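Contents: one structure, followed by commentary.
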Amino acid sequence: MDFNEDLNNWLTAALSEDIPDDVAAFHFNLYESAGDEEFRFGIDLVGTGSFDPEDDDWACDEVWTPEQRMLYIPLEASGTEWEACLSCMKSLVQNYLNTEQGPAEKLKSGAAVGIGFVDGDIELAWQK
1 MDFNEDLNNW LTAALSEDIP DDVAAFHFNL YESAGDEEFR FGIDLVGTGS
51 FDPEDDDWAC DEVWTPEQRM LYIPLEASGT EWEACLSCMK SLVQNYLNTE
101 QGPAEKLKSG AAVGIGFVDG DIELAWQK
């Protein structure tokens, strides 16, 4: 199984959970994983209670997280540089959003879907 399939399965499971009505947007946090040579980066998903395209702090306003919040990204999918990881993960998230599956539509129920490293800038993968 490739990582794209792992990501899609993880997202479908996460988005099949009950998501509170007060989720205004979704954000994918990227981060460097702790010391595992096989996985340089990880990704998690949060639902936020607000969205402000002028203020990246909206991604910190967490009101929902799925049961399995985080997924490690294998090196062959992420590469070793954060820029490559961000580009690849943004592309995979956008591909998922474009599938128009039921769970993908839940991501579009909010104002936006952001992605970025926890201490970096947010890029929008999708916005209403």
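So that you can map any letter, position 18 of the sequence shown is 18 in the UniProt record's numbering, and since no number is skipped, the others follow by simple counting. Just so it is clear, CB atoms sit at the ideal spot from N, CA and C, and this is done for glycine as well. Note that the structure is a prediction, hence the values are computed from the model and not measured.
- Residue environment analysis places residue 106 among the buried positions, since at least 16 neighbouring C-beta atoms fall within 10 angstroms of its C-beta.
- The beta carbon of residue 74 sits closer than 7 Å to the beta carbons of 3, 38 and 39 from its chain, once the five residues preceding and following it are set aside; these are given in chain order.
- Boundaries of the alpha helix (DSSP H) harbouring residue 10: 3 to 15, taken from the DSSP string.
- With respect to residue 42, residue 71 sits close: the two C-beta atoms are nearer than 8 Å.
- Residue 29 sits close to residue 118, with the two beta carbons spaced by under 8 Å.
- Cβ atoms of residue 128 and residue 112 come within 8 Å of each other, at about 7 Å.
- Secondary structure note for residue 83: its alpha helix (DSSP H) is the uninterrupted segment 82 to 97.
- Close CB contacts of residue 25 within its chain, under the 6 Å cut and outside five residues either way in sequence, are with 48, 51, 110, 111 and 112 (chain order).
- Counting the other Cβ atoms within 10 Å of the Cβ of residue 16 gives fewer than 16, which makes it exposed.
- Cβ-Cβ distances below 7 Å link residue 77 to 3 and 88 in the same chain, with the five nearest sequence neighbours on each side left out; the list follows chain order.
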